[in-house]
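2 protein chains.
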Amino acid sequence: MAETLIQIGVVGCADIARKVSRAISLAPNAALCGVASRSHDKAAAFAAANGFPLSAKVYGSYEALLEDPTVDAVYIPLPTSLHLHWAVLAAQNNKHLLLEKPVALDVAQFDRILEACESSGVQFMDNTMWVHNPRTAAMAHFLNDAQRFGNLKSVRTCFTFGADPDYLKNNIRVKPDLDGLGSLGDQGWYCIRAILLAANYELPKTVVASYEPVLNKDGVILDCGASLYWEDGKVATFHCSFLANLTMDITAIGTRGTLHVHDFVVPYNEKEASFLAGTDTSFNDLVTGWAKQPNKHTVTTHLPQEALLVREFARLVAQIKFKNSKPDKKWPTISRKTQLVLDAVKASIQRGFEPVQIQE
Amino acid sequence: MAETLIQIGVVGCADIARKVSRAISLAPNAALCGVASRSHDKAAAFAAANGFPLSAKVYGSYEALLEDPTVDAVYIPLPTSLHLHWAVLAAQNNKHLLLEKPVALDVAQFDRILEACESSGVQFMDNTMWVHNPRTAAMAHFLNDAQRFGNLKSVRTCFTFGADPDYLKNNIRVKPDLDGLGSLGDQGWYCIRAILLAANYELPKTVVASYEPVLNKDGVILDCGASLYWEDGKVATFHCSFLANLTMDITAIGTRGTLHVHDFVVPYNEKEASFLAGTDTSFNDLVTGWAKQPNKHTVTTHLPQEALLVREFARLVAQIKFKNSKPDKKWPTISRKTQLVLDAVKASIQRGFEPVQIQE
């Protein structure tokens with residue numbers, strides 16, 4: 001059995017790698033086989049602090065991990081500006097690739113990563129965890145149900161949190177040479193992904209950034225928003241910010257239904273998550289109350305969403321490794337669409353809030 | 001005691017007048033003294049069907065009611081295009097004025113109504129019911145609390161419902177010569193009011209309508225949205241529509257807190273209403289859940305919000321009638337601000353989604 005586990009190594013000791021290391025441990029079809037840092041000591045300390053098995057290896061360089069033939073796949077939590085280099089190198093070393101979001105600084109860079117994955121026949125997946133929660137499948141089922149939801153008319157998403165002064169000064173997400181896309185790349189990524197989910201992954205035609213984004217002195221986005229328009233009249237808006245209290249909402253409204261969720265990226269609790277869904281909601285005759293209200297739907301899961309992500313990733317890798325399957329196209333396609341919209345928002349901000357057309 | 005009750009007459013038999021007639025009956029300081037229609041029979045039938053007291057009078061013309069010296073105040077639920085004429089005439093007849101929203105076709109018309117009220121020394125109030133629910137006071141208290149909410153950063157509101165084909169063809173709200181402001185005047189009014197409430201009634205500086213509003217063949221708005229911007233960086237967006245499932249949300253995000261409500265205009269239930277409020281909401285250490293979540297706050301009321309509105313209106317009228325007070329300025333000021341923003345949204349749509357500056 002152990003031989004069928006997908007061996008996943010962690011490239012870098014980012015804070016988020018703690019959560020993902022635990023997820024790799026929890027996934028029944030994956031094994032946490034090692035961690036690399038530019039410092040051997042740092043990697044060793046990380047492994048010790050994060051429950052790595054005794055069999056896990058510690059590497060004093062990223063290259064050493066990538067060159068280890070016992071490693072099937074890597075998780076790369078490095079800053080966005082380093083994705084192109086290390087993701088391509090990982091693919092060239094035939095490592096299947098679980099890459100932190102945003103996947104790249106722009107879609108041109110991302111296409112080079114995808115080309116490298118395709119050349120080597122390795123699986124690509126980005127580390128957007130919440131879409132792997134079974135709640136998300138239940139929400140998608142509702143949103144695609146003509147009887148319960150009808151056709152999507154509008155969707156609004158937000159993800160904000162109040163970063164403290166130290167974060168706003170020192171975190172990699174406010175550094176132009178590290179996570180140069182700032183709040184848009186970090187939180188906006190999730191908002192855009194949720195909008196695409198609600199639109200059944202149909203790309204919008206036009207993207208317009210909202211006025212008054214907040215940028216730091218180095219030009220990194222700390223707060224922004226945008227509106228997205230489809231040809232059939234669907235409209236979406238989102239808002240992401242490092243400067244406001246922790247909030248993460250989806251409100252999707254269809255011709256027949258409405259969906260509300262307040263904890264879409266990280267559910268309040270690990271083992272169960274809820275959303276509100278209403279169909280043909282209506283007032284009573286005198287409009288003094290509602291005859292039909294939205295209902296709460298709760299979905300339970302024995303594994304946290306990040307472990308379900310790893311399980312899905314390892315399942316696809318195992319198909320390739322043991323069954324000679326081709327890499328799955330679904331996840332990289334969705335990643336690319338997310339990045340395309342993100343690029344359009346950034347372009348609209350740079351062009352003074354002009355509408356930007358999305359071209360696939 | 002009965003002598004101190006404010007005698008309120010209803011000018012027109014609109015559907016909404018059923019709810020407001022009941023509210024006048026329920027308000028402890030008001031009496032439902034009569035109803036007027038252009039047809040005496042229609043007024044009589046309305047009075048019989050809506051529990052008017054035996055003492056209530058029935059008038060075969062609006063003028064007859066306005067000229068009756070036993071009537072202290074009138075509720076005018078007529079289509080918006082008729083507000084200017086009948087509201088001014090009511091004020092000239094020294095009737096205190098409870099006027100259905102939107103208060104006028106534009107702020108210039110509304111100013112003529114206010115001038116007439118001022119000349120006669122009568123109270124003006126618009127019929128925005130939800131702001132009189134004690135839940136709204138609790139929400140406003142939260143939103144103005146520096147410790148629990150901090151400074152407002154963004155607020156998003158929506159009010160949509162799916163009008164049926166008959167409504168979309170025949171309702172006064174889709175007729176350019178009746179409620180010519182369509183969904184913007186009807187539902188957008190509430191969205192704008194909620195945004196102003198969250199901004200503590202500070203007007204935005206700039207208003208930009210969203211692309212792709214839906215207008216009917218006569219140019220009446222069936223679906224639209226807008227973004228509002230303040231000089232200090234606050235941003236608001238709203239969406240109103242006759243073309244999507246019944247939904248009415250406020251999401252307000254401050255530097256320290258977040259407020260969510262899903263039934264802001266008409267609470268699910270008459271006797272109690274809830275909202276979610278979070279302060280310094282946060283993730284746990286590993287970001288696998290929330291360490292601090294929003295909490296549900298429930299506010300009960302023995303009177304429905306529309307009766308509380310009437311009670312407040314009658315209280316102000318009684319102050320004038322029995323205590324020689326001046327008319328209260330708060331409610332007409334808020335009505336005027338709401339209309340100003342509404343006018344700016346309409347202007348932005350007409351000018352091809354150009355930003356429109358608000359001038360008080």
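Residue numbers (full-length UniProt numbering), protein chains in the order written: chain A, 1 to 360; chain B, 1 to 360.
Yeah, the Cβ is synthetic: ideal placement off N, Cα and C, and Gly gets one too.
Checklist entry - Between A76(B) and T281(A), what straight-line distance do the alpha-carbon atoms span, to the nearest angstrom? => result Per the sequence shown, the amino acid found at residue 76(B) is Ile instead of Ala. When rounded, the distance between both Cα atoms is 29 Å.
Item to check | Range of the contiguous alpha helix (DSSP H) that encloses F142(B) | outcome: 134-143
Checklist entry - Taking Cβ-Cβ distances shorter than 8 Å, what residues in chain A pair up with A304(B)? => result Before going further, note that residue 304(B) is Pro rather than Ala in the sequence given. Under the 8 Å cutoff, chain A gives T288.
Checklist entry - Using a beta-carbon distance cut-off of less than 8 Å, what residues from the segment 249-276 of chain A approach chain B? => result D249, T251, I253, G254, T255, R256, G257, T258, H260, H262, D263, V266, P267, Y268, N269, E270, L276
Checklist entry - At a Cβ threshold of 8 Å, is R18(A) touching chain B? => result yes
Checklist entry - How is the alpha helix (DSSP H) around C191(B) delimited, first residue to last? => result 189-198
Next on the checklist: Distance check for L178(A) and S81(A), CA to CA, integer angstroms please.
Outcome noted: 5 Å
Next on the checklist: By the DSSP assignment, the alpha helix (DSSP H) with T333(B) in it spans what residues?
Outcome noted: 330-350
Next on the checklist: When you compare the CB positions of A137(B) and L98(B), do they come within less than 8 Å of one another, or not?
Outcome noted: no
Checklist entry - Counting Cβ pairs closer than 8 Å, one from the segment 323-334 of chain A and one from the segment 282-302 of chain A, do we hit at least three? => result no
Next on the checklist: Rounded to whole angstroms, what is the Cα-Cα separation between S348(B) and T251(B)?
Outcome noted: 24 Å
Checklist entry - Along chain A, in chain order, which residues have C-beta atoms closer than 7 Å to that of E212(B)? => result Y229, G233, V235
Checklist entry - Short check: CB of A31(A) to CB of I8(A), under 8 Å? => result yes
Next on the checklist: Buried or exposed for G180(B), going by 16 or more other Cβ atoms inside 10 Å?
Outcome noted: buried
Item to check | N295(A), enclosing beta strand (DSSP E) - first and last residue | outcome: 295-300
Item to check | Test: T160(A) CB closer than 8 Å to a CB of chain B | outcome: yes
Checklist entry - Between the Cα of R112(B) and the Cα atoms of H85(B), H132(B), N133(B), which residue gives the shortest distance? => result H85(B)
Item to check | Length of the line joining the Cα atoms of residue 363(A) and G34(A) | outcome: What is shown of chain A runs 1 to 360, which leaves residue 363(A) out entirely.
Next on the checklist: Can you pull the chain B neighbours of residue 377(A), defined as C-beta to C-beta under 8 Å?
Outcome noted: No statement about residue 377(A) is possible, as the shown extent of chain A runs from 1 to 360 and does not include it.
Checklist entry - If you measure from the beta carbon of K205(A) to each beta carbon in chain B, is any gap under 8 Å? => result no
Checklist entry - Cβ of F283(A) less than 8 Å from any chain B Cβ? => result yes
Checklist entry - Considering only the beta carbon of each residue, do P176(B) and D218(B) sit closer than 8 Å? => result yes
Item to check | Near-chain B residues of the segment 78-100 of chain A (beta-carbon distance less than 8 Å), N- to C-terminal order | outcome: none
Item to check | Continuous alpha helix (DSSP H) stretch holding R156(B): start and end | outcome: Note, R156(B): premise wrong, no alpha helix (DSSP H); beta strand (DSSP E) at 152-162.
Item to check | N144(B) versus F46(B) - alpha carbon distance | outcome: 43 Å
Item to check | For L215(A), the nearest candidate out of S183(A), R193(A), Q319(A), A236(A) (CA to CA) | outcome: S183(A)
Checklist entry - Name the chain B residues that come within less than 7 Å of Q293(A), Cβ to Cβ? => result Y268
Checklist entry - V261(B) bridges to which residues according to DSSP? => result I250(B)
Next on the checklist: Please list the terminal residues of the continuous alpha helix (DSSP H) segment that includes A91(B).
Outcome noted: 83-92
Item to check | Proximal residues to E67(A) (C-beta, below 8 Å), its chain only, five neighbours per side dropped | outcome: N93
Item to check | Contacts that T247(B) makes with chain A (C-beta to C-beta distance below 8 Å) | outcome: T251, I253, T258, G278, T281
Next on the checklist: One question on the structure: do V11(A) and L78(A) come within less than 8 Å of each other, judged by their Cβ atoms?
Outcome noted: yes
Item to check | Buried versus exposed, by CB contacts within 10 Å (16 or more), Q187(A) | outcome: buried
Item to check | Which of helix, strand or coil DSSP assigns to Y229(B) | outcome: strand
Item to check | Beta-carbon spacing of L286(A), K19(B) below 8 Å | outcome: yes
Checklist entry - Taking buried to mean at least 16 other C-beta atoms within 10 Å of its own C-beta, is T298(A) buried or exposed? => result exposed
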